[in-house]
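For reference, the structure discussed in these notes is given below.
Protein chains: 4
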Amino acid sequence: MSKWMRAWSTETVGPHNLKIAERRVPEVGDGEILVRTTAVSLNYRDKLVLETGMGLDLTFPFVPASDMSGMVEAVGKNVRRFKVGERVISTFAPGWLDGLRPGNGRTPSYVTLGGVLPGVMSEYVAFPEDWFVAAPISLDAAEASTLPCAGLTAWFALIEKGHLRAGDRVVVQGTGGVALFGLQIAKASGAEVIVTSGSEEKLERALALGAGHGINRLTEDWVERVYALTDDHGADHIFEIAGGTGLGQSLKAVAADGRISVIGVLEGFEISGPVAPLLLKSPVLQGISVGHRRALEDLVGAIDRAGLKPVIDKRYKFGEFREALAHLDRGPFGKVVIEF
Amino acid sequence: MSKWMRAWSTETVGPHNLKIAERRVPEVGDGEILVRTTAVSLNYRDKLVLETGMGLDLTFPFVPASDMSGMVEAVGKNVRRFKVGERVISTFAPGWLDGLRPGNGRTPSYVTLGGVLPGVMSEYVAFPEDWFVAAPISLDAAEASTLPCAGLTAWFALIEKGHLRAGDRVVVQGTGGVALFGLQIAKASGAEVIVTSGSEEKLERALALGAGHGINRLTEDWVERVYALTDDHGADHIFEIAGGTGLGQSLKAVAADGRISVIGVLEGFEISGPVAPLLLKSPVLQGISVGHRRALEDLVGAIDRAGLKPVIDKRYKFGEFREALAHLDRGPFGKVVIEF
Amino acid sequence: MSKWMRAWSTETVGPHNLKIAERRVPEVGDGEILVRTTAVSLNYRDKLVLETGMGLDLTFPFVPASDMSGMVEAVGKNVRRFKVGERVISTFAPGWLDGLRPGNGRTPSYVTLGGVLPGVMSEYVAFPEDWFVAAPISLDAAEASTLPCAGLTAWFALIEKGHLRAGDRVVVQGTGGVALFGLQIAKASGAEVIVTSGSEEKLERALALGAGHGINRLTEDWVERVYALTDDHGADHIFEIAGGTGLGQSLKAVAADGRISVIGVLEGFEISGPVAPLLLKSPVLQGISVGHRRALEDLVGAIDRAGLKPVIDKRYKFGEFREALAHLDRGPFGKVVIEF
Amino acid sequence: MSKWMRAWSTETVGPHNLKIAERRVPEVGDGEILVRTTAVSLNYRDKLVLETGMGLDLTFPFVPASDMSGMVEAVGKNVRRFKVGERVISTFAPGWLDGLRPGNGRTPSYVTLGGVLPGVMSEYVAFPEDWFVAAPISLDAAEASTLPCAGLTAWFALIEKGHLRAGDRVVVQGTGGVALFGLQIAKASGAEVIVTSGSEEKLERALALGAGHGINRLTEDWVERVYALTDDHGADHIFEIAGGTGLGQSLKAVAADGRISVIGVLEGFEISGPVAPLLLKSPVLQGISVGHRRALEDLVGAIDRAGLKPVIDKRYKFGEFREALAHLDRGPFGKVVIEF
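Chains as they are written, first to last, in the UniProt record's numbering: chain A, 1 to 340; chain B, 1 to 340; chain C, 1 to 340; chain D, 1 to 340.
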């Protein structure tokens, strides 16, 4: 193994200073593993962190991005969970292993890779073994890299918190990375999925992925269409991408005793809606911000055993990081991944 | 039994036409029981129905109010659950026996006594036996009449949906009928209760009822006080009375993985709040609109076995119905009840 | 419609007196619907009731069987849920609509069709509308008739109580009617299904239905095979058919924090097993006895939206009721149905 | 601080070799804290480990016991959760922080203090900070030491898994350490508690602690008495101490949709019972083996906020360890504690 590696990094908030730096390959400490990065998947949040800092206490030089797959190249002392040669993926919020989230009400925890913790746009990383889980055996490196944030968010909303059941009617707003995971996980769980989008072409692709129905939210009243499609029952679960169609519409479209999962980036948005359907239908409304490591392990198992294939809109090369970031602004159909 | 009885009724929406009418005591049909009313408890909703109709398809002459206690005077054919001489209370939404609520997403069910169904401000009522449950043995008639709507709403939010646990920190907004039930049920379940109010005198009375802390929301920042009282943990459960302090404050004050129950009247309110704490703390936000009959039976059992005494601010006589309604506007401490 | 119909009935406990009787087509009472039977599905319980009475307070002449599909031929007064010409299926335990089961601990409720209530081996039945639910649109009459007991039992165990998730590893014991529903519902929910059987041929057919693995319990140690197949994880959910392989084996094979659903007939069996795995793995062990009407409606929705087809081993004609009963003793692969 | 300390230890399985040894006070490593032991609470398991080894891979010299309270005397590098001078209690199974238990189905995890990990009958221990939680502020050292195993087991069964509610009817078998915690936690949660015992004197003491009813299991049929006390409802939750009255009786006494928590030592016992009530009443039967750290933190909060005081039958001195162990065989009323 060479002693040198490349990493994308920046010295300041603001994306213009991003550049490829040469660095020494890190050494593994006690309880750490050295992982050779094989793919990194981007989230819109990565762009926000680079452009605004999101109010986080970043360390410079800052290496961006949180979601990676890789190969274990070396293990430190006292490492028990992994061996050299095994394939792993990162966890988005490493301190959250299972159960309740860390942090308190006053200061919610937001300790993530590519944020308060270092990022992964680097040919190697050396992190505590607890920050990783075994990669699914049925996915390639690029596909596996999409699970830690986008895949887990959808899984956590629909399965861990949402207890989705076969036959449930699920509305997924949009066709971005989290949304398509929502579509695929819901479909694999026996649900009927209704996708909304402003693009006929994307709706076609969503139908090909297993959606039962597509609604063009630009040309149709999606709430009315949901009622037409469900015989007035409404949606058992709405996958609300905050900042898209408002919560008010979701409160209208949700079934009695249904669930609305609010998913989204963390900048500048308010939720609002009428109180009458909230009272009379008594839906659960819950914000979802990724999930814990045990749920990521569950997702990996479901990927392998239920045969899910994440949707990658485009694969970029290591040197094309800026182009990949720019792609995020154009509304990808699924995920944007960088292969190393 | 006299063949004649008195009932408060009106021929039109608008409270000015309310008057006492003489009517024949109803006869019991198949599956029905005749109940002599011993007390009626008022809810703010009763005022709204009288004043605005609330958009409901009322039948005139309209007898108002939904919550009563009484004595079974006669039973119809095929009645199995009750015998003459037993004490009963009404159910607010008679069609909802257990589990999921009736109705669908497009047209949520709001079939209640003193609304689409007849009201109870009448010396006798003859209704299907399924519309009643046995009264608690430890309460007098006036106290028992407060359970069907106010008591059950608090129980459904905290216990049936909220799974409250000993040691939880609960914030109750205000000191109205539902709020004080929330305080008492939470306290009886081993929780620590923090009450907010604009009145020092009401806070004193809440402390005497078992609240651990009172916050004057006019002179203090209640969110900051909650954090001071909970060592930055926040509130595990917030009992949000819609239209009072905004949801935004509750989202700030709620603990990570906490719960906000939104309770309130059904007129004219919007909920709104910042999305960041909704995502980062992932609380459950749920509207609560009373509950099902099985939960009311559970509440009756808890009343008897845990020794709860509903708080009645003032007891009125049958002829004082107008005065009792007026009392609702002055912000009662607990319930307003009419004894027959 | 003819005024006369045929029904299988008996005057005594003991199957030998079963005969076809001519009876008048019943008239519909208030709240009742008249249903022309199109298919009846048999359960092993039907045999036990005929042969032993099962200690139930039967009414003679007794018409056996509980699970039917049919067509609404007439509706009584005050019927709201059905119209003439609609397809319906029966509910097994009509008094249980949703939520907690009726009855108390001392006298558990066992009020079912073809038991304390009349059976359905009759060309017409007139029952309260509340005893039926709408049939799935995607199944024929014979398939639809298999849902009320066998289908619902599997659904209730796996979904309503078991909260099965995609990726879960489910062990199904045997290939009878309930077991195959378990296999199909689990598979449609994204689970990996392992079927045990004493017959290689039945294992082949189970694999063709979507099972991931088959274990011959006569030639293999099924517990060891489960561990081999799950990398020592064990089974997240075991569908234990009481009286088959013992609970002790299931306690050995269950995963930590897993679930064992005990399903079975109600005669003469004890459960027993070692306490150590019960403590150290803390599985939930729950007996399942069919389920409520709302869950049956959920199952019907899942059938239509997830595309499940019940497995019918053999279809008999009305006159072949005795042959159909005899088939139950030979261990059918799926259900035995009588088409009218 | 002296460099020397005393610890009870043994070189072999078998209690006869227990003796007080002089050892060096341990030094704190990275992430560890040094804790001066102030009290140790004994469990019957401690006796079994000493007498039989329980099949565990013990390290000799072996220091017994798992449950302690103490004072932080020094902190190692990278310690974040505790400071010198803070009061702490140990966790029974240190690797289980929250959510699902560690280990798999084939090899359930049983990595506990005073077992595979070192014990606490020592004046000082140096363990990772993750193995401790903050002690409740309202308990003295002896009381606090009773929480890690006995207190948490009861809490985990009733609250974390059992979702106990005000008004529930709970049967607690016996008056040992776990049983009395069950009584107190249930009572503080608003439940009605029925205690069974073979001793009138212990029943009197249980009533004084808040039990609603006592049943002498030697002179009464406890199942019948439960039905008499609950108007045939049965017990919503039975706290079954394995090896005491059999599971079969609990299956008879449990309410429809009730819960039986099986708690007990891990030696030699079988559970068995009739399958009919398991099916017809569909209770949940779950083995409970202590619980995770987050639940222990919840219990500590409930102790402080709901005002629970653990029951200590007798306090011994450090030199009286053998006498304290002998006390366990005589069936203590609550806990046996050694004060340092």
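C-beta: ideal position from N, C-alpha, C; glycine also.
- Secondary structure of Y227 of chain C (DSSP, three-state): helix.
- Taken atom to atom, the span from the alpha-carbon of G246 of chain B to that of E200 of chain B is near 21 Å.
- In the DSSP assignment, Y124 of chain C is bridged to C:R36.
- In the three-state DSSP reduction, V172 of chain D falls in the strand class (E or B).
- Minimum Cα-Cα distance from A324 of chain D among the listed residues D:K187, D:V311, D:I338, D:F333 corresponds to D:I338.
- Collapsing the DSSP output to three states places Y44 of chain D in a helix.
- Looking at the DSSP output, I338 of chain B bridges to B:V40, B:Y316.
- If you ignore the 5 residues before and after V25 of chain B, its C-beta comes within less than 6 Å of the C-beta of K3, M5, Y124, all in its own chain and listed in chain order.
- By the Cβ-count criterion, E240 of chain A is buried, with 16 or more other Cβ atoms from all chains shown falling within 10 Å of its own Cβ.
- Between the beta-carbon of V63 of chain B and that of L56 of chain B there is about 14 Å, and that puts the pair past the 8 Å contact cut.
- Here E27 of chain D is not near F127 of chain D, since their CB atoms are 8 Å or more apart.
- The contact set of S282 of chain A on chain B, defined by CB atoms closer than 7 Å, consists of R101, Q286, G287, I288, S289 in chain order.
- Taking a beta-carbon distance threshold of 8 Å, H233 of chain B counts as an interface residue toward chain A.
- Note: R87 of chain A is bridge-paired with A:M71 in the DSSP secondary-structure output.
- As DSSP reads the structure, Q286 of chain A sits in a beta bridge with A:S261, B:V284.
- Between I185 of chain D and A135 of chain D, the C-beta gap is not smaller than 8 Å, which leaves the two residues out of contact.
- Residue environment for R169 of chain D: buried (at least 16 other C-beta atoms within 10 angstroms of its C-beta).
- Taking a Cβ-Cβ cut-off of 9 Å, the neighbours of Y227 of chain D in chain C comprise N104, G105, R106, given in sequence order.
- Under DSSP, the beta-bridge partners assigned to T10 of chain C are C:F62.
- When CB distances to chain D are screened at a threshold of 7 Å, the residues of the region 144-167 of chain B falling below it are I159, H163, R165, A166, G167, in chain order.
- Ranking D:P61, D:H163, D:R45 by CA distance to the CA of G258 of chain D puts D:H163 first.
- Per the coordinates, the alpha-carbon of D298 of chain B lies some 12 Å from the alpha-carbon of A306 of chain B.
- Residue-level contact check: R294 of chain B touches chain C, since one or more beta carbons of chain C fall below 8 Å from its beta carbon.
- Nearest neighbour of A179 of chain B by Cα position, chosen from B:G167, B:G210, B:R165, turns out to be B:G210.
- Excluding residues up to 5 positions away in sequence, Q184, I185, A188, A302 lie with their Cβ nearer than 8 Å to the Cβ of L308 of chain D in the same chain.
- Against G273 of chain B, the close residues of chain A are E270, I271, S272, in the order they occur along the chain (beta-carbon pairs closer than 9 Å).
- DSSP places F156 of chain C outside any beta strand (DSSP E), giving it a letter other than H or E.
- Under DSSP, W4 of chain C forms a beta bridge with C:R24.
- Judged by DSSP in its simplified three-state form, F321 of chain C adopts helix.
- In this structure, the alpha-carbon of S145 of chain C lies about 23 Å from that of R101 of chain C.
- Taken through DSSP and simplified to helix, strand or coil, K19 of chain B comes out as strand.
- Against D329 of chain D, chain A offers no close residue; the least beta-carbon distance is about 37 Å (beta-carbon pairs closer than 9 Å).
- Beta-bridge partners assigned by DSSP to N216 of chain B: B:S197.
- Residue environment for K317 of chain A: exposed (fewer than 16 other C-beta atoms within 10 angstroms of its C-beta).
- Pairing G287 of chain D with G99 of chain A gives a Cβ-Cβ distance that is not under 8 Å.
- Shown here, D236 of chain B sits in a strand according to DSSP, grouped into three states.
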